[in-house]
Amino acid sequence: MKTVTLPILATLLSSLAQQAAGQSGAASAAVLTTLQSRPASGQVSASASKASSVMPAESSSSAASSADCRCTSSNDQPLQEGAYGEYNRPRIHFSPSAGFMNDPNGLFYSNGTYRLYFQYNPTDTVAGNQHWGLATSTDLLNWKNHPPAIAPERKGDGIFSGSAVVDANNTSGFFDDNVPAQDRIVAIYTLFSNPGQAQDIAYSSDGGYTFTKYAGNPVITLNQTEFRDPKVFWHKPTSRWIMAVVLAQQYEMLIYSSADLKTWREESRFGPAGLLGYQYEVPDLVEVPVENSTETKWVLILSINPGAPLGGSTMPYFIGEFNGTTFVPDDYAYQVADWGKDFYAGVTWSNTPAEEGVLGIAWASNWQYTNSVPTGQWRSIQSLPRKFTIRKTKPNGQVERYALVANPTSFETLNPKQIYNGQLTSTAGNRSSDEFMLKGDGAFDMTFTSSGPGGFLVEIFSDDIAGYESIRFGYADSTAWVDRSNCQKHWYNQFFTDKMSVQAVPAPDPSVPGTKIRAVLDRSVLELFVNDGLHNAVVLFYMSENRIPGRVRFVADGNVTVTATADALTGGWNCTSCTGKTLLSKRDEL
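In mature numbering (1 follows the signal peptide of the UniProt record, and there is no 0), the protein residues as written are -22 to -1, 1 to 568.
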């Protein structure tokens, strides 16, 4: 959760302080914060927590009828008519049914299911009243909503960002033998209680659907107002839990260790280093494999807000070594995880199968404009899940250094169907072009590969007859770029930077001029993966009301050959109401 000094957030914090004033008495130390039992598949269950700030639960008759719904809500309320049918709601990116979402939290895998907790305001479409929302998936693309999992006990308090782990060996002592090993979950999070921030824990015996807060909270307190976002993982070589957490406005990442998740010892500090901005947030410290090698490297990922070069928020990272107590970077020159403006607070899943690799996700928005984007009863999406690796690169042809690489996870469960496969060739001083229609539900996986010194341009037009709105991207002079300036007719914000670019070197094959751009388009978000995930960008855009992308035109410019493929993707949200009415209508069925 962010504490930014922008006017809207200053107002929010003032409101929180006023709400907290006058609250008396200590909160119950061990509180069941959501449901008393695990929700049945497809069922919206009523909250039984006396401390929950979730909106009032539905009646039992409503809950019974909701059991027949294919989708449930994020806020423990009946799914609103039209939810997940909005024209600009992405199909394969996670979004809450209603309310406001930001940072992903508490990512873990168990019993064949990925858990995605997230910073969530169930009662409004702006940041505040922070809970941990919850969604689950078996493939990271088709998601199911659940009621919020952890809620604040007092008005004005907030359950800020953190992590969750599978305590299979019961190091915490919270579980008895009746709880299966993979259902033993401990959440570690920041409790915001005006004016301070401290680290609390809560435990779950049902796989992370409901939690009981630890009676001994807080487990770490430094009497600080900006001390937050713990990322905890098991460090096998030292047989200890490790926590990375930040003193946000002192630009320090602190490393703690623990044997039981309750008692923590500070081991070391990192920073100030790299891009500082206004504050450090949401650290992640993770071991990542090096491509084509048995080697691994440790990556420290930070989130900076405000203060990004393009404005607002961004994610710098360092690559180095971690020995169980101290992180030492290879150098102090930071790199960025994404060159767009809409990728922030990214973290990785824990307890994933070894063959899955290192998987992560980020909030796809920017604090400069997130509270005003035109999405109606819901706000914000998560990025596509990414698989991370490390690659040895020569960014200028001379110096060799490691870089963090990210590519989308498999789309196999989205039933890809090819809708275009073509090639263009042009000569020096000339252009050639082709186009194709986007037939399907609004999610598409496209790849454009160039060979030769020339460049190319791809323009994605809206589906109205005139097609006067578009978002463009391309490659020229060793630079990948994107331009969303022609998608601001319906909604405008002065901080919604319209043009972004990155030096796209080295190419996949340094001996052949050219580049490769994979573009995943999903109604109102475009994700670009340049040169097999070396340079990536998440870019939001908002076409006019009831308009979605409908046509693609690409141009080969100069001495170049461009090969293009496009697949339509199906799946993601496919909801029906309790009356059987289809909420998500398909355009141009395949």
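Glycine is no exception: its CB is placed at the ideal position from the N, C-alpha and C atoms.
Computed from a prediction, not measured in an experiment: that's the story for all the values here.
Practice item. Using the Cα positions of S6 and E259, report the straight-line distance between them to the nearest angstrom. Key: Below a pLDDT of 50, predicted positions are generally treated as unreliable, and S6, at 35, falls in that range; the measurement from the model is reported next regardless. Distance between S6 and E259, taken at the CA atoms: about 29 Å.
Span of the beta strand (DSSP E), counted from its first residue to its last, around I198: Note, I198: beta strand (DSSP E), I198 to Q202.
DSSP has W317 in a bridge; who is on the other side?
In DSSP, W317 forms no bridge with anything.
Given a threshold of 16 other Cβ atoms within 10 Å of its Cβ, counted over all protein chains shown, does E523 qualify as buried or as exposed?
That one is exposed.
Which residues DSSP lists as bridging T326, in chain order
DSSP, once it has assigned bridges, lists G338 as partnering T326.
Starting from the C-beta of Y380, find all residues in its chain whose C-beta is less than 8 Å away, skip the five residues before and the five after it, and write them out in chain order. Residues V268, K275, I297, D308, I368, R369, K370 and T371 of the same chain have their beta carbon placed closer than 8 Å to that of Y380, with the five preceding and five following residues left out of the count.
What are the start and end residues of each continuous beta strand (DSSP E) run of 3 or more residues lying completely inside the stretch 409 to 487, in chain order?
-> Whole beta strand (DSSP E) segments, 3+ residues: 409 to 415, 421 to 429, 433 to 440, 448 to 454, 457 to 461 and 477 to 481.
**OP:** Compare the C-alpha of S183 against each of A332, N148 and L382 and name the closest.
**Re:** Out of A332, N148 and L382, N148 has the C-alpha closest to the C-alpha of S183.
Of all the options W469, W212 and S411, which has the alpha carbon lying nearest to the alpha carbon of L402?
It is S411.
Margin query: Taking the alpha carbon of M221 as the reference point, which residue from N464, S463 and D238 has its own alpha carbon closest?
Written below: Cα-wise, what sits closest to M221 is D238.
May I ask you to report which of helix, strand or coil DSSP gives A332? Helix.
Report task. Express the C-alpha separation of S150 and I179 in angstroms, rounding to a whole number. Result -> So the alpha carbons of these two residues sit roughly 11 Å apart.
* Of the residues T427, D81 and L518, the one placed nearest V490, counting alpha carbons only -> From the listed residues T427, D81 and L518, the smallest Cα separation to V490 is found for T427.
Problem set entry | Buried versus exposed call for R496 [16 or more other C-beta atoms within 10 Å across all chains shown] | With 16 or more other Cβ atoms within 10 Å, it is buried.
Quick check: what's the CA-CA separation for W242 versus F170? If you take the alpha carbons of W242 and F170, they lie about 19 Å apart.
query: In three-state DSSP terms, what is N80?
result: Strand.
- Message: In the DSSP output, which residue or residues are listed as bridge partners for F86?
- Response: When beta bridges are read from the DSSP output, F86 appears opposite R93 and S328.
Problem set entry | Cα-Cα separation, G255 to A311 | Going by the C-alpha atoms only, they are around 15 Å apart.
Does DSSP classify A546 as helix, strand or coil? Correct three-state label for A546: strand.
### From Y65, D117, Q466 and A76, residue whose alpha carbon lies closest to that of Q58
Ranked by Cα distance from Q58, the options Y65, D117, Q466 and A76 are led by A76.
**Contact under 7 Å by Cβ, D320 with L119** = Contact: no.
Nearest-angstrom Cα distance between E244 and T543? Approximately 52 Å, taken between the alpha carbons.
Next on the checklist: In chain order, what are the residue ranges of uninterrupted alpha helix (DSSP H) at least 4 long that sit wholly in the stretch 489 to 537?
Outcome noted: With a minimum length of 4 residues, no continuous alpha helix (DSSP H) run stays inside the stretch 489 to 537.
Task: C-alpha distance - N408 paired with G400, whole-angstrom precision - done: Cα to Cα, N408 sits roughly 19 Å from G400.
Selected residue, minimal CA-CA separation from Y95, among G63, G185 and T103: With distances taken between Cα atoms, Y95 lies closest to G185.
Notebook entry, point to check: From this set, D535, R462 and E447, which residue's C-alpha is nearest A454's C-alpha?
Noted result: Of the candidates D535, R462 and E447, the one whose C-alpha sits nearest the C-alpha of A454 is D535.
Ignore the nearest five residues each way along the sequence and tell me which others in Q360's own chain have a CB closer than 8 Å to its CB. A distance below 8 Å between beta-carbons, with the five flanking residues on each side excluded, links Q360 to the following residues of its chain, in chain order: H71, F72, S73, M79, P82, L94, F96, I339, A340, W341 and A342.
Check your understanding: F507 to H513, Cα distance in whole Å?
Key -> So the two alpha carbons sit approximately 6 Å from each other.
query: How many angstroms separate the CA atom of S448 from the CA atom of F439?
result: So the two alpha carbons sit approximately 4 Å from each other.
Exercise. Is DSSP giving A226 helix, strand or coil here?
Worked result: It is helical.
Alpha carbons only, please: which of P126, D207 and P484 is nearest the one belonging to T50? When the alpha-carbon of T50 is set against those of P126, D207 and P484, the nearest one is in P126.
Quiz item: Which residues in the same chain as N393 place their Cβ atom closer than 8 Å to its Cβ, once the five residues preceding and following it in sequence are excluded?
Solution: Closer than 8 Å at the Cβ level, and outside the excluded window around N393, lie L547, T548 and G549.
- Using three-state DSSP, classify E299 as helix, strand or coil. Of the three classes helix, strand and coil, the one that applies to E299 here is strand, per DSSP.
(Q) For a quick check, are the C-beta atoms of N537 and P431 less than 7 Å apart? (A) Closer than 7 Å, so yes.
Exercise. Going by beta carbon distance, what residues of the same chain come within less than 7 Å of D117, once the five residues before and after it are set aside?
Worked result: Apart from the 5 residues on each side of it in sequence, D117 sits with its Cβ closer than 7 Å to the Cβ of T391 in its chain, given in chain order.
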